[in-house]
Each structure stands twice: as C-alpha cells, then as structure tokens.
Amino acid sequence: MRSDAMKKGIEREPHRALFKAIGYSDEQLKRPIIGVVNSFNEVIPGHVHLNTIARAVKDGVLMAGGTPMEFPTIGVCDGIAMGHRGMKYSLVSRELIADSIEIMANAYLFDGLVFIPNCDKIIPGMLMAAARVNIPSIFISGGAMLKGKYKGKNYDLISGGFEAVGEFVSGKIDEKTLTGIENNCCPTCGSCSGMYTANTMNCMTEVLGMGLPGNGTIPAVYSERLRLAKSAGMRVMELVAKDIKPRDLMTEKAFENTFTVDVALGGSTNTVLHLPAIAHEAGFKFDLKKINEISAKTPNLCKLSPARRSDGSQHYIEDLNDAGGIPAVMKELSKKNLLHLDAVTVAGTIKSIIDNAVNDNEDVIRTPENGYSQQGGLAILFGNIAPEGAVVKQSAVAPEMMKREGRARVFGSEEEAQKAILGKRIVPGDVVVILYEGPKGGPGMREMLAPTAAIAGMGLDKEVALITDGRFSGGTRGAAIGHISPEAMEGGPIGLVREGDTIEIDIPARKLNLKVTDAELAKRKSEWIQPELKVKSGVLYRYAINVTSASTGAVFKN
C-alpha cells in the first residue's frame, strides 16, 4: 500500500505512535488509509451540511474495510462574495484548493481519496488536485438546493435574488415583495438550484468519470444523497484494490464526452474556464475551438434555470433528477452517436451506465429530434476584440440578441458599470463593455452577475448586451459575453474599445468584432499604456503575476 511508507516497519514506530495519539488502533493502521477531503464550513449554504455527507462516506469506507481520515479545504460562496472585493478571491481559491490537497495527499501518502465538494471553485479545484496527485479517487458532492416558492411562483438565487434587485429598482415590485422573495428563494442547504457553475460542474464530474450516477442531480436534502455517499466510500476501496487512478478516467475521450453533455444541458460558461484547467493537470490541452465543433453537432436538450423556455417557465436541478438525471441525458445523446461509450468511469463504462437509464420526462430532457436547437448551449466567439476567444451561453440569449450591433458603453470596472445600469444610464441598443476584470487585471477575474442580473431584472436583456474580459456566474442569462482573451491588462484589443464605438455581435457566425479599421486599432494600440496592477501584495499579487489567460483556463505559468 502507498501508506506503508509512513506506517510499516520498525523505523515507522514514531509515526504509528503519532497516529495512536489520535486514537487509531493497530488494526486500523493495517488497512488502506483513505483521505476524506471535506470542504465543510459554516459560510456556504452548499457546504453547511457536508459533515453529514462525510460521515456517510466514512461509513462506506469502514464497511468496505478501509480506514478513513478526514481533512478540510477552504471554500468561497460566489453568491455571497459577489459584487464586492470578495469576488476577487473566488477564482484564486481554486488554485489554493488544488495546492492544499496536493500537500495533504503527498504528506500523508493516502492510499485513496474521497472528495466532498459542492460549489463553484471547490469542484474544479478538487478535480485539478485529483488529476495532479493521481491516486485512486472518487467524488461525492453535497447536492443541489431545492427551488424556492413565493406566492405561487418559483424562484432561485438568480430570479429571486439578483434579478429581483433590478425589478425593485425599476419599480416592478415593492419592498414587501422583495423581502418576501428574499426569505423564500433559497429554501434549503445545497448548491443553488439551477444549472449554474456548481451544479454544472457536479454534473460534469459524472461524465468525466469521477462521480457515481446521481452525483450532480440528487438534491442535498434527500436521504438518497447519503446513500450515494456511502456507496462512494465503498467504491473508493474497489478503485484502490484495482489501482484505477484519475488519469485512467480523465482521458481526452472523457473530456469530449463532458463538453458534449455540457452544451446539451446549456451549462455554465465557467466550464470553459475550469475543464481546460483540469485537462492541463491531466497532461493535455483542450483547444477552445473544439468546443464549437462539439456544439455544432450537439442539440440543446434542456432549458434549466437560468435559461427560460419560450413561455417564460424554467426547470431546475430537481426536475432534471426526477427525469432521469445525467444518465438519461447521455442516453438521448447516444442516439446520435455523440458520445464515446467506451469511456470508463468510477461506475463502469458510459455504455453500462446508460443501458439502465430512462428518460422519464421528455419535457425536461428533450429527445435529439425535438431539441430546443440543433446546436449546443455554449459558443466560443472570435474576432478582432477576442482573437483568442470569448464565451457565451447561447441557450440563455434571447433570439433578437443573437445577431446585433450596438453602441459601446465603456467602464473600467464592474462597480462603474453597475452604477450606470442602476442609474438608468444604459439604454436599448447599448453594449456594456467592462474592462480590466480579467485574471490579471481584476485580479481574480470576477463574475459579473450583478450587472447582468440588473439588466435582466430591468427588462433590458432583449435589448442590451454586455462584454467583458471578466467572467459570469453560471446563473447569468442574456447576451453576456465573457472571458474575452487576451484580457485588457495584457494589452488585449478589448482594452482599445472606446465610448461610442460600434460593436458587432454575431453568435450564430461565432463572431465578435469592433467596427473600426485595422489602422485605427494599431494607432490605439501604440498609444495604450499598461496600467499598474491594482494589488501589490498578498495572494492577489502572487496570483496576478503568475496567472495565464482565460483561454488557457487561467492556470499558473509553468
């Protein structure tokens, strides 16, 4: 066993003495030692219940003859960190999570790992660590929050939280209604109830091969979640016995499957940031252009919040779970031969998983022939503003905004843009341009949920677009185009956009262009002076000087 190097033999007597000081017995130390990576804390609704998941995982490990040893990681709730300085630290935390797990896994020489994540950066940070450490591992998330209800209407964090602010400012709802929505839109623990970044990544973990079926969709408050956690604890012992490692599962075929399911679901734009970063840790590069190739042949089968159907209704993660979950989505995609069915997961091959899958609700999971569109939910745009690419969730864009020209309204930060939006200085036909919010310029590449939600809440999402070198929440809807690369701080062309310029958006053609001449762009480039970094010390400074472009997953320089 890998752990023998720290517990077996005469020379390891002091090591065993230290384990016995904790209370471990000789019999426990003879068994495989499984690290249980728990991101529990009391400041994230998606993580506040994870101690119960960890207890169930440890029960499973014990039942299968292993010795579980639990240790923690940090976690940031993007919703709570949103709209203020705290959001600068969210993406940064992904790298710290991966590093801290690498340290613990290699300092203690665990034989296997069970990862318990649930929210936006914790999931990719843990997946990066799993690929990097590469010892037998399995994931069990904390599960999704149930949707909220108020006065007969369904709500979630986006519609009931951020968009409600815009509705209040524009006079659509009064303060009493705002408070009522606030008290009811997030009714349980768990990751926020739509197909936002956390739930997208938890679903992608199944397809990538690292989680059991149900990992992404079983609600947090269901006892089925605890039973799945026990199964994960037992399954990791099988992975240890067979020496099946993350890089055996997270292959190029697995990543192609993952992006295929991602675009079929209309998942978060942040997967375009996280999955390439995970692939980087697994030892290969996933080119953004390949996402367009996948999306071009993959139908959009689901409209899950924040996406809305033509009648304005929405489905939530609990609806996807009831309809058959990710296995049912994969079964529909297999009808068009869009998946590598021989790809192996912790639960067996993709084929073995979908053989028993059933689509119990074709209103929630459409068949390929009846897809909302014959193209997937994500698109990568290129042009003179974004020579290295930009990302948009096209499944959440209104039809009238798919092809558009607008007047640039340029802002140097999220705060400046939000002030203009709530101050009603943004009008139909405008394209809000937010600069210097990329990985280096932010630093930290903040999410722009507050301004995009305000635009939607004020009823402007069918008339106003927003582009930025920052990123968006998985809950963003509307013509919100982010991850523009290279970023402004690196001299990217987005930093050359000026107030009043005309911007051309053509999502079907995958184009994003500034309508000025090449000569004018070259002139502006020659006059551009790189601003000083906004932060000169601490973790944000270290991040800013080491991080690479969003187009490469915002990983650190080698």
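In this text, residue positions in the sequence shown follow this note's numbering: the first is -13, and each later residue adds one.
All C-beta atoms, glycine included, are put in the ideal place defined by N, C-alpha and C.
**Message:** Residues in the same chain with beta-carbon distance under 8 Å from Val100, minus the five sequence neighbours each way, listed in chain order, please.
**Reply:** Ile20, Gly21, Val22, Val23, Val43, Val47, Pro54, Ser123, Ile124, Phe125, Ile126, Ala218, Gly219, Val222
**Message:** Just to confirm, is the Cβ distance from Thr462 to Pro292 under 8 Å?
**Reply:** yes
**Item:** From Gly334, Ile351, Asp273, Asn286, residue whose alpha carbon lies closest to that of Gly310
**Value:** Ile351
**Other residues of its chain near Thr503: CB distance less than 8 Å, five sequence neighbours each side excluded** = none
**Message:** Let me confirm a value: Lys509 is counted as buried when at least 16 other C-beta atoms fall within 10 Å, else exposed. Which label applies?
**Reply:** exposed
**Request:** List the DSSP bridge partners of Ile489.
**Result:** Gly392, Leu500
**Request:** Check each candidate in Ala250, Val34, Gln380 and name the one with the smallest Cα separation from Glu318.
**Result:** Ala250
**Asked** For Glu485, which residues from the same chain have a beta carbon less than 8 Å from its beta carbon, with the 5 sequence-adjacent residues on both sides left out?
**Response** Ala394, Arg395, Val396
**Message:** So, at 8 Å on beta carbons, what are the nonlocal neighbours of Ile280 in its own chain, with the 5 sequence-adjacent residues on each side left out?
**Reply:** Glu242, Phe245, Thr246, Val249, Gly362
**Prompt:** Taking just the CA atoms, how far does Gln300 sit from Glu490?
**Reply:** 30 Å
**Item:** Ranges of the beta strand (DSSP E) found wholly within the stretch 237 to 310, counting only runs of at least 3
**Value:** none
**Cβ contact (3+ pairs, closer than 8 Å) linking the stretch 200 to 210 and the stretch 150 to 168** = no
**Request:** Please confirm if the stretch 439 to 452 is in contact with the stretch 83 to 101, defined as three or more CB-CB distances below 8 Å between the two stretches.
**Result:** no
**Item:** Contacts around Gly524, its chain only, beta-carbon distance under 6 Å, and the 5 residues preceding and following it disregarded
**Value:** none
**Request:** Report the option in Leu95, Tyr136, Gly134, Gly128 whose CA atom is closest to the CA atom of Asn120.
**Result:** Leu95
**Item:** Contacts around Leu482, its chain only, beta-carbon distance under 8 Å, and the 5 residues preceding and following it disregarded
**Value:** Leu500, Leu507, Arg510, Lys511, Trp514
**Request:** Since I believe Thr454 is in contact with Met475 (beta carbons under 8 Å), could you give me their beta-carbon distance rounded to a whole number of angstroms?
**Result:** Wrong, their Cβ atoms sit about 12 Å apart, outside the cutoff.
**Item:** For Ile312, the nearest candidate out of Arg294, Ile336, Gly298 (CA to CA)
**Value:** Ile336
**Message:** Is Ile204 close to chain D? Criterion is C-beta to C-beta, closer than 8 Å.
**Reply:** Structure shown: chain D not included; a single protein chain is present.
**Request:** Quick one: which unbroken beta strand (DSSP E) runs of 3-plus residues sit fully inside the stretch 95 to 163? Chain order, please.
**Result:** 98 to 102, 123 to 125, 134 to 136, 139 to 141
**Request:** Please confirm whether Met187 and His266 have their CB atoms less than 8 Å apart.
**Result:** no
**Request:** Specify, as a first and last residue, the run of the beta strand (DSSP E) that Asn24 falls within.
**Result:** 19 to 24
**Message:** Can you tell me whether Pro437 is helix, strand or coil according to DSSP?
**Reply:** helix
**Prompt:** Lys216 lies in the alpha helix (DSSP H); which residues open and close that run?
**Reply:** 209 to 228
**Request:** State the Cα-Cα distance for the pair Leu408 and Thr353, rounded to the nearest angstrom.
**Result:** 41 Å
**Request:** Assuming Met431 and Pro425 form a contact by the criterion Cβ under 8 Å, report the distance between their Cβ atoms to the nearest whole angstrom.
**Result:** 5 Å
**Prompt:** In whole angstroms, what separates the C-alpha of Ser79 from that of Ile102?
**Reply:** 16 Å
**Asked** Which class does Glu28 belong to by DSSP, given the choice of helix, strand or coil?
**Response** coil
**Request:** Just tell me which of Asn347, Glu348, Ala329 has its CA closest to the CA of Ile339.
**Result:** Ala329
**Message:** Let me make sure I understand the geometry here. Which of Met131, Gly129, Gly146 has the alpha-carbon closest to that of Lys137?
**Reply:** Gly146
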